[in-house]
Every structure is written in C-alpha cells, then in structure tokens.
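Protein chains: 2
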Amino acid sequence: MTKRPENTSALPLDAILLGDCIAEMARLPNNSVDLVFADPPYNLQLNGELHRPDNSRVDGVDAEWDKLGDFEAHDRFTRAWLTEARRVLKDDGSIWVIGSYHNIFRLGAMLQDMGFWILNDVIWRKSNPMPNFRGRRFTNAHETLIWASKTPKSKYTFNYAALKMANDDLQMRSDWVLPLCTGRERLKVDGRKLHPTQKPESLLYRVLMASTKPGDVVLDPFFGTGTTGAVAKYLGRHFIGCERDPAYAEAAHARIDSVEPAPADAITATQSPREVPRIPFGNLVERGLIRPGELVFDVRRRYSARVRADGSLAADSARGSIHQVAAALQSVPSCNGWTFWHVERQGQSVPLDALRSTLREGQSA
Amino acid sequence: MTKRPENTSALPLDAILLGDCIAEMARLPNNSVDLVFADPPYNLQLNGELHRPDNSRVDGVDAEWDKLGDFEAHDRFTRAWLTEARRVLKDDGSIWVIGSYHNIFRLGAMLQDMGFWILNDVIWRKSNPMPNFRGRRFTNAHETLIWASKTPKSKYTFNYAALKMANDDLQMRSDWVLPLCTGRERLKVDGRKLHPTQKPESLLYRVLMASTKPGDVVLDPFFGTGTTGAVAKYLGRHFIGCERDPAYAEAAHARIDSVEPAPADAITATQSPREVPRIPFGNLVERGLIRPGELVFDVRRRYSARVRADGSLAADSARGSIHQVAAALQSVPSCNGWTFWHVERQGQSVPLDALRSTLREGQSA
DNA sequence: CTTTCCAATGAATCGTATC
DNA sequence: TGATACGATTCATTGGAAA
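Sequence order for the protein chains is H and D.
The first sequence begins at 1 in UniProt numbering and counts up by one.
The second sequence begins at 1 in UniProt numbering and counts up by one.
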C-alpha cells in the first residue's frame, strides 16, 4: 500500500463541524486523524407504543435521524460515511463503532469488506438496562463495539499496560461492565433528556485510554451532545466532531467548555478472587469517583501519592498500582492499597475501599 | 406467505447424518424442525490442511492471500447452508447461530438479508477465557449468539417464566456468564481434546430451555461431538445432527448413548400464566364465588364497582368487563382487572385473581 | 438532618385468541 | 383478513417528597 502523506496542520482541531458528516468529512485531508469513534443511527424499527406494566409509556427513540429506511438504504449510508472515515484515518489509526443487533452485524461485515481489520469486538454490559416489559425476549442488556485497524498491517495504538493497570493488574477483557448515562451526567432540557442515546463518559474514557495517546486527534462523525469531545478534552486528546443538529451541537459546545482537563502529568499512560464482584481501582477513575491528579494519602497523612488516569499512583519515589506504591513507600513487601489510601470527601478522610463499595452496590458478578 | 405442509413423520429423529450438512439437510422435508442450532466453522485450518469454509483447497499459505475472495467463499457457503436450514425450519421456529468476530457479523447480516428476524443477540461471557498472550488486544472473553425467528411474524417459543425462575426470579439477560467446556465434560482421545471448539453443555441447556418445548425437534448442521444431541436427549427433545467427520460422529454417538434423560416431569417448563386455561370472570359469578351486586375495589380503595349477574361491572361512569371498567376509571389504555379488583373475604382484601386460581385448582384436581 | 417511600426512566425492532 | 377483547408484564438507579 502506498503511504499517504499526513496532513495534520489543516485540521480544525477541537471543533464541531455543523452539517452532514459525509460532507463535512469530505473537507478533511487524507490520512490525518488517529482515531475514529462512531455511534451511528441504529435504524431501530419500532412500530406501536410500548407500555410498562404500570401503564406508563416508554419514551422510545422516535427521532427522525434514526429512520434510515430498509437494509439497502442503511447499507448505502453506512458505506458512504465509512468511506470518508477511512480516507481521513491515518494508516496506523483505528476505528471504533458501536451498535446493537439492529445494525452492528451489517456494520461489522462492511468494515471487513472495506479492508478494515477487526481487532476485537467489545461488549458493553449494562449494569442497569431497561427490562423487557412484555416478557417476550431476553433483557437487551448490552451493546456491541467493534474495534478495527485500518489495515491488517497497521501499527495501531493499544495501551496494554495502562488498561491492565486500570484493571487491578489483570488483562482487560472484551466485556466491559458500565452503567447507563443517567443522573447528573445526562443532559436535560426542562427536565427531559436532550438526546435519546447519550453515551456514558466512562465508556469513552476506556476507549480513548485504550487506543489513543495524549495529543492524538479523535474524529466523531456522529457527535451528538459531545461525549467524545468532553472525554477527549478531559484526557488531553484533540477532537473533531460532526453534528447535523444545531441544538445538539450547541449543547455539546457548552458541555465541553465546562470540562476541566486532567493534569497533563497524570494522563500519560503507564509504560510498560472472589465472592463479591471485583472492582478494579481504574474503574473508580473512569467512573469519575476519583479524578486523575487527585491526591491520596494514608490515614495519618505520612505518605501521599497522585492518581493517574490509568488507575496507577505516582509518588516521589514510586509508581505503580495502589498496592505497589503503598508497599514501596513503607518499605514493606506488600500492602492493601484499598484500605491504606484515603481521599478527602466533604472534609473527611475516606478510604478507597469505601468508594469501591458504593460502586459494588447494585453491580452483580 | 403460503404455509408449507409440515411433515414430521419422515424425519430421522435422534439420528446423526454422516455427510456434508447442505446435502444432508436437502434430504429433509420442508417446514419440519422446531429449532436450528448452528456452530458453523470459520477457521481455515482443518485437519492440518488449509481449507476454505466451502472446503475448496487454498494454494498459497502466506498472509497475502486474497481476503476478499475468502470472505466471498465464506459467504457462499453460509448462504447455502442457511438456505437449507431455513427451508427445513417450521414457520414458527427459530434459529441460533454462534460465532466470534471473525464470522458473526457476516452471519448476522446474512440472516437479516434472508428474512430472518433477529430476536436477541446473546453474549456468552466466558468466566475462564484464554488470555491474550501478546498483549496487543483485549482478552477475547466472549462469543456471540444470534437468536432469530424465521419471519417477523413467527410465533416463536420463549419460555420466559422458566428462564426467570432459573435466574433467581429476575428476567434472564442477554449476557450469559458460563465457563468453557473443560474437565470431565471435555471429550479427549489420548489426553488430547477431540474437537477444537466443543461447546459447554450448560450453553446448550440454556438455549434449549429457552426456545424449545419437550418433544421438539432440534437440527444441528454442524454436530461435531454432539453437545446439542446430548443436551436435547437429556431435556426430552429430539435432535437431528449433520456431521461429515466420522470420528466426531462416532464420538457423538457414544456420548449420547450414555446420557440418562432427566425425569419427564422435571423437564416441563415452569408454566406461565399465558399457558393456563382461560377462565371468564362470569364463571366466578355463576359458580358462586362472587355474588351479583357485590362491591369490588382496587387495593387502595380509590375506585369501586358493582358486580352484575352477567359478569360485567358497573361503576358510576363506566360499564363493561372487569378490564374495561378498570381501564376507564383510571383513564389508561388497558388494565388487567384480575389483579386490579379486589373483594373482601374474612376481613381481607383478596384479588379476583386469587379467587380464579382456587377455581383452577379445583379443575385440575 | 436522617430515613423511608414513591415516582420516574433508560437505543425496545416487547401479543394473541376469537369472532 | 381485520377488528375486537382479553389480560400479561419490569430492573436498577436516581431524585424528590414525605415522615
């Protein structure tokens, strides 16, 4: 394959391009972005209304942008935007797409047909999915992500050590347990959700930590309310978003403006049981219970260390997992970092273990 | 659609058909099996020789072989066996396929293109997966199953209550945590595994419990060492397996012969309320469990109505069936009057549903 | 202020028998 | 074949109201 010239200088960095993603991507140079993350319309084909057993109506996805028509129309559209995304992607870059059974199989087959090389399919296991109200199928409790490099020979980025660190020193698996985007994180207008399918930041956090380096450029053709941009800014990555709907784009702007980036020295990736569900320390970071750069300390405040984005700690004389750093600072062979380290919450010292318990409640093995 | 004639009598029940599955399925009558379970091959490595999925020999054995050509061969083979499986499947039957990211997207897209209607994609989350040795990807810790009915209108079997029962009274989700097939269950010859991808019986157990009834016929075009047959026999279902490797077929025979079926009364699925005989409300009145003129009320006593001799209810503003009046009073589209309305019996509020079940028990006894 | 209870809600392809 | 009526059916989490 002929290596195309890279042309990063002409890129509209950290910008939201208002318009159809195919037309907007067409204005970007060849071979210029490091990662594509795409959450395209699922083309759900919903007929009537659905009610819960208590007779309340389910607020389904009835947005016009999700109605792509039959399989043929869906495939035409998909091939068009994937073609542009592939052209803009660097040869050593990779792409993530997310979808449900309605569209993910067609997406995956088309990726293969276009020469992308599938690296993993990843399952987002939702810890709190919507039930199946009529009892006619299995609870639809997951969505599928496909991670693919541009070619079989691409030297794609995979921060193996960082992911392993974030997973309590176990290899990160292809199934990720993360909750839906609800509560304070969910953007609302007059008490109603602004976007029907806003993704949780924890999901993008893990995607970007896994497959980008600080300073990389992430292209999101279906930007929506800007989850990709918010997490990219937080983690010191650049973003380019395409969004057709001005209301979504405006909300994304405001949201991203309010993001405080994590400290630069905290986001560098690390170089290279059980009755209750195991919760890795990195989970607390990606779920926002602890910020990268935040200080942790022992109960007597003799030692302290800083949290890094991949779930490792950095102290003056030691780096590594919460357990390794605690042991090193005390010059003992081992130490349980969960009970050793504390953070300050509302003027109180709280052990990491207590934060972990809040995550455990409601998460099954 | 023209309903094809069913022809179960000509079926080779509980048999292993030795030969290519496309040719063997071609000998089976239309519209004759209740379920298809298929674990198709996608790897090129068979018996030490490199083959394409359609069994054509591949000449060059380097990484530069024609990927697209390989996809085409795979798709041709897939369409051929799916076409036969679809023909043999009853209109109200359903199909399961299992695969990994190498083939599952092509399988799913083809199912959709052929008119199957996807009901769920299900994730088999392996509790003990093989680690990723090179650290270049996420640990591949799952496989994907697709469950689809023959058409969007199929009245497929789903034993909702049975699966809920098996899941601590929570509805079964689309992600299943099950271990690999290891230990005593794994068939071995001279200490080496006989089949490279033997599936665990627990997986088939859940599949058959979910989507078949006792006595149903299950067709497995890629029978291998007969996991489907073993579980089918155990659960009182019939099987038909196709297998072209005589060694696998022989091992499957021996394996299935040694299976002791579970007691017949133990394999009947938990009966769901949908399947019990319907009893009209008027029956309760004519049988004397409720007197004409008696007052019924909701559990909080916000609404009430009077029973009429013909089994209808009369409230201030509405008349009709127990369901219609309950719905009208609450201004909701529909309501189950059996659980909504109560009567007083020995100082207690008793739902009509409870009176009905006393009648049912008298019937069956 | 704490605890408890109630209401709301999330990418959803979510009936069937009878007349 | 289409209209009508019956009647089966929910989990985890959040947030606010109520006690």
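All C-beta atoms, glycine included, are put in the ideal place defined by N, C-alpha and C.
Contacts that residue i makes with chain H (C-beta to C-beta distance below 9 Å)
i                : result
Gly115 (chain D) : Those do not exist, as Gly115 (chain D) stays about 11 Å from chain H at its closest Cβ, beyond 9 Å.
Beta carbon of residue i nearer than 9 Å to that of residue j
i                     : j                : result
Trp96 (chain D)       : Ile146 (chain D) : yes
Asp175 (chain H)      : Val122 (chain H) : yes
Asp220 (chain D)      : Asp39 (chain D)  : yes
residue 374 (chain D) : Asp34 (chain D)  : What is shown of chain D runs 1 to 365, which leaves residue 374 (chain D) out entirely.
His238 (chain D)      : Leu17 (chain D)  : no
Thr358 (chain D)      : Leu313 (chain D) : no
Met114 (chain D)      : Arg86 (chain D)  : yes
Gly337 (chain H)      : Val325 (chain H) : yes
Arg125 (chain H)      : Arg301 (chain D) : no
Pro333 (chain D)      : Asn283 (chain H) : no
Arg287 (chain H)      : Pro179 (chain H) : yes
Ile22 (chain D)       : Glu72 (chain D)  : no
Leu187 (chain H)      : Ala251 (chain H) : yes
Val307 (chain D)      : Val296 (chain D) : yes
Start-to-end residues for the beta strand (DSSP E) that takes in residue i
i                : result
Phe158 (chain D) : From DSSP, Phe158 (chain D) is part of no beta strand (DSSP E); its letter is neither H nor E.
Trp96 (chain D)  : 89-99
Val231 (chain D) : Not the beta strand (DSSP E): Val231 (chain D) falls in the alpha helix (DSSP H), residues 227-234.
Phe138 (chain H) : Here Phe138 (chain H) belongs to no beta strand (DSSP E), and DSSP marks it neither H nor E.
Asn121 (chain D) : For clarity, residue 121 (chain D) is Asp in the given sequence; the question names Asn instead. First-last of the beta strand (DSSP E) with Asp121 (chain D): 117-126.
Gly241 (chain H) : 238-243
Ala305 (chain D) : 304-307
Interface partners of residue i on chain D, CB under 8 Å
i                : result
Gln171 (chain H) : Pro131, Asn132, Gly135, Phe138, Thr139
Arg125 (chain H) : Ile123, Arg125, Asp175
Asn283 (chain H) : In chain order: nothing, as chain D lies at least about 15 Å away.
Phe71 (chain H)  : Gln112, Asp113
Local conformation of residue i per DSSP, three classes
i                     : result
Leu180 (chain H)      : coil
Val58 (chain H)       : coil
Cys21 (chain H)       : helix
Ala326 (chain H)      : helix
Lys199 (chain D)      : coil
Asn283 (chain D)      : helix
Ala354 (chain D)      : helix
Val299 (chain H)      : coil
His253 (chain H)      : helix
Leu145 (chain D)      : strand
Pro333 (chain H)      : coil
Asp220 (chain H)      : strand
Gln45 (chain H)       : coil
Ser321 (chain H)      : coil
Asp34 (chain H)       : strand
Lys150 (chain H)      : coil
Ala26 (chain H)       : helix
residue 422 (chain H) : Residue 422 (chain H) is absent from the structure shown; chain H starts at 1 and stops at 365.
Asp175 (chain D)      : strand
Leu50 (chain D)       : Bear in mind that the predicted position of Leu50 (chain D) carries a pLDDT of just 44, short of 50, making it unreliable; the figure below should be weighed with that in mind. Three-state DSSP puts Leu50 (chain D) in a strand.
Lys193 (chain H)      : strand
Ala210 (chain H)      : helix
Partner residues on chain H for residue i, Cβ-Cβ distance less than 7 Å
i                : result
Ala109 (chain D) : Phe105, Arg106, Ala109
Val332 (chain D) : Asn55
His142 (chain D) : Ile123, Ser174, Asp175
Under 9 Å by beta carbon: chain D residues contacting residue i
i                : result
Ile118 (chain H) : Tyr101, His102, Phe105
Residues that residue i contacts on chain H, provided the C-beta gap is smaller than 8 Å
i                : result
Tyr160 (chain D) : Gly135, Arg136
His323 (chain D) : In chain order: nothing, as chain H lies at least about 12 Å away.
N-terminal and C-terminal residue of the alpha helix (DSSP H) that residue i is part of
i                : result
His342 (chain H) : Looking at the DSSP string, His342 (chain H) is not in any alpha helix (DSSP H); the run it does join, the beta strand (DSSP E), is 342-345.
Phe105 (chain D) : 104-113
Ile267 (chain D) : 264-267
Say whether the region 149-167 of chain D touches the region 182-196 of chain D, bearing in mind that this needs 3 or more beta-carbon pairs closer than 8 Å, one atom from each stretch.
no
Kindly confirm or deny that the region 227-240 of chain H and the region 255-263 of chain H touch, where touching means at least three C-beta pairs closer than 8 Å.
yes
For the region 90-109 of chain H and the region 20-33 of chain H, state whether three or more C-beta atom pairs, one from each stretch, are separated by less than 8 Å.
yes
Touching by the beta-carbon criterion (3+ pairs, under 8 Å), the region 102-117 of chain H and the region 102-109 of chain D:
yes
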